[in-house]
Every structure is written in structure tokens, then in C-alpha cells.
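Heads up: the structure comes next, in C-alpha cells.
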Amino acid sequence: MSQHVPPQVTGPTGPGTPRSAGPTGPTRTARHPHKHALDVAHPPPGPGNTRAVLLPVAVVLLVGAVFVSVYLAAFHAPEPHRLRVGTTETGTAQAHLNQDLERVSPGGFAMQTYPDESAARDAVQDRQVYAAYLGDGRLLYGSANGAAVTATVTTAFGTVAHAERHELAVEDVAPAAAGDTRGLSVFYAAFGLVLAGYLFGMTTYQLAPRLQYRWRMASLALFGIVGGLLIATIAGSTGFGALPGPFLPLVAVVSLMGAAVAATTMVLLRLFGSAGVTLASILMLILGNSTSGGIMPSAYLPDWLRPLSGILPVGVGVRAMQGLSRFQDDGLARALVILPVWVLGAILVLYLKDVFRRGPQAVTPAPQSAAEAVPVPGPAAG
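Take the sequence shown: its letters are residues 118 to 499, numbered as in the numbering used here.
Here it is in C-alpha cells:
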């Protein structure tokens, strides 16, 4: 007996008519369309992908190369260039002193003459000079200038004293803070603040690109004030004691320096877009910190780096911080002039960029759909 096989039901065929899935449901292809996606080759990388691959590599390596080059140029083999020193010797004795110093370090020292020991002592304590030779092997110096300066002046004037048949007798008239024998605490305190200012300048536009101008300036002021209070508290006499100067003047200098770095970063970001981040890192983090004088005075820097120490906010602020702590307010007046110029100049540029040039906002029709209501990223006038 033959077995009866039920006939298969088929639908009509023709263009645009799908096959019937049959009694068991859809075919494997219909149920799992994603399995065939694995067999599709990805398109070759286009110009945008190539740029996304190469640009981060180029930018980061550029910053790294600049960092290594600048710091090696500054600190690989530092030598003093007309380091300011003083003496009470005159006439032939001073001529011999200059000759001895020139033999030790050609072009390394610039001599100042003082009438007596008291004037020479005040000059070292005010950091008008980094050391003062009183004759007969006696040397006044300040260890707060750092280990590099101490080694330089004691070695050089030790040679002078030996030529005069004396043993060098040193007196530290501007000692470093307790526990800061190398005088590097101010550099680390300043570096932390500069890094914070740089990050603030970037993130304020990244997190709130349409924040109104007046609120962005309020945020900048808040960062500067709180940063000044924080650093002065941590590094000052109530914290580690690395910056034992008067609290309120120290807060003022640190706040202005932090605000100057942050505002300058904001300006570079607004003027040059993403390239401004690279420019700010080179200007503020690399050039600023390397020329700050926190590691060693600007007299040890190459000729092409030395002028930046007295112009960039970091160098100006570090000198004032050191002066408030150890050198009878040396650099304070200069900082209270230059740092506000950086801050106010940056604020003016941001005003011109975000408010003045944009003019009154035009009235636009109400959006027709939710998609049209999405704002375009960018700073808004305040």
C-alpha cells in the first residue's frame, strides 16, 4: 500500500510576490537576517578615518617632543648667565674677585657693589642678589633660592676664598622652609594650580558650550578664588608650611595666577578651536612651568627662554609666591600689575568674541518639529 503524502501548498509566484513561509514559520533567512551581515566586508577607510587615526598621534607626539626639547634645553646642563651677586670689596680686591669668578664660570655672574655688610645682607634677603661676598672668605647666601643656586655660589666663592688663602665661611640669611631643603615646593604648588587652570579653561566650554558670558565669568572668578584659598591653605603655614608667607596676599597672587592661566586657555580655545588646546598646553604647561623659576632661577635658562620668565603668568606668580614666603615681598608689586593684565585682557577678548561681535539675537520663527528645536553647540552671548 502506498503512503499518502499531503500536497504542498504553494502561493502564487511572480514579481513582487514573496514566497510563503510554509506551515513551520519563516525561513532561516527571515528569522536571522543579521547572520548574513557578518559576511559583508567593511568599506575601506575614507579621508575622515585617516584623519582620525593620524591627527591624535601627530598632536600628542608634537606636544611630547616640545616638552622634552624645552625641558632638556632648560635643565640638561644648566649654567648661570649673569647671576646677580654682590660684594663689599672695592678697587683692586673687587677686580681680582671678578677675574676669579670669570675663570670659574665665564659670563656666569653680574657683580653689584654695596657699601657695607648691612646693605649686602638686605640685598640678599630682598633677592636683589643671590649671594654677597664680604671678603676674607665670608659669604652671605639664601638657601631658599634652591639647591642649584646654593651649589653654584658656594663652589664659585669657595674658589675665590681659596685664592685669598681663606676657608669659605657661609651664612644663610634667607633659609628655605623646613622640610623643603631643595626649594621645590613652590614649583609643585604652582604646577598643580597651572594644571587645574588649564583643565578648567578646557572643560568650561566642553561641559557648557552655550553658557552665557556673565555666568562663565562668574565661574572663572569662583575657580580663581577657591583655587587661591585651597593652594594657600595646603602649601601655606596652616598646611605643609612650604609657603609660609602672609595668607591673604598669598591667596591674592595664587588666585590671579590661576585665573590668568584659565582665562588664557579659554581664549586660545575660542580663537583656534581644538588647536587651542595644543597651544595652551605648550604655552602654559610647558613653557610656563619650565621658565617659572620654581626649579631654578631664570638666570640658568637659555637666552631664548629667559625672557618668558618675567612675562608668562606662571613665572610672575612663582616669583611673587617665593618673595612673600622668603624674600621680603620680592616680585609682589610686579605680580599685582602683570597678572591682572593677563586676566582682564583675556576677559576682554572673550567678551568681544562671545558678546560684542554676535550682536542682538535675531527673532526666529518657532520650530516646526522637535528636531528643529535642537540647539547648535556654541557659546551664547550673556
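Beta carbons: idealized from backbone N, C-alpha and C, even for Gly.
Give the DSSP bridge partners of residue i, in chain order.
{"i": "V287", "result": "L256"}
{"i": "F226", "result": "L200"}
{"i": "A379", "result": "Its beta-bridge partners do not exist; DSSP assigns none."}
{"i": "G353", "result": "L360"}
Grouping DSSP H, G and I as helix and E and B as strand, with all else coil, what is residue i?
{"i": "A294", "result": "coil"}
{"i": "A452", "result": "helix"}
{"i": "G411", "result": "coil"}
{"i": "L301", "result": "coil"}
{"i": "L251", "result": "strand"}
{"i": "Q445", "result": "coil"}
{"i": "Q245", "result": "coil"}
On the criterion of 16 or more Cβ atoms from any shown chain inside 10 Å, does residue i qualify as buried, or is it exposed?
{"i": "A248", "result": "buried"}
{"i": "A261", "result": "buried"}
{"i": "W459", "result": "buried"}
{"i": "V384", "result": "buried"}
{"i": "F406", "result": "First, the amino acid is wrong: residue 406 is Asn here, not Phe. N406 is buried by the Cβ-count criterion."}
Using C-beta distances below 6 Å, list every residue in its chain close to residue i, excluding the 5 sequence neighbours before and after it, in chain order.
{"i": "F317", "result": "F340, A379"}
{"i": "R387", "result": "K470"}
{"i": "A293", "result": "S260, A261, G300"}
{"i": "R244", "result": "F444, D447"}
Taking only the alpha-carbon atoms, compute the straight-line gap between residue i and residue j and give it to the nearest angstrom.
{"i": "G353", "j": "G263", "result": "18 Å"}
{"i": "V241", "j": "V290", "result": "7 Å"}
{"i": "P419", "j": "V277", "result": "26 Å"}
{"i": "P232", "j": "S442", "result": "27 Å"}
{"i": "F357", "j": "L347", "result": "12 Å"}
{"i": "L467", "j": "I412", "result": "33 Å"}
{"i": "V180", "j": "A194", "result": "22 Å"}
{"i": "A280", "j": "L367", "result": "44 Å"}
{"i": "V174", "j": "A191", "result": "26 Å"}
{"i": "S372", "j": "Q211", "result": "44 Å"}
{"i": "V270", "j": "R282", "result": "18 Å"}
{"i": "A359", "j": "G296", "result": "8 Å"}
{"i": "V431", "j": "V303", "result": "11 Å"}
Enumerate in chain order the residues of its own chain whose CB-to-CB distance from residue i is below 8 Å, with the five nearest sequence positions on each side excluded.
{"i": "R238", "result": "A249, L257, V290"}
{"i": "H198", "result": "G224, G225, A416, Y417, L418, D420, R423"}
{"i": "E284", "result": "G254, A278"}
{"i": "S391", "result": "none"}
{"i": "Q183", "result": "Gln is not the amino acid found at residue 183; the sequence shown has Val there. Same-chain partners within the cutoff: I399, I403."}
Apart from the five residues on each side of it in sequence, which residues of its chain come closer than 7 Å, Cβ to Cβ, to residue i?
{"i": "Q323", "result": "none"}
{"i": "T321", "result": "R333, S336, M383"}
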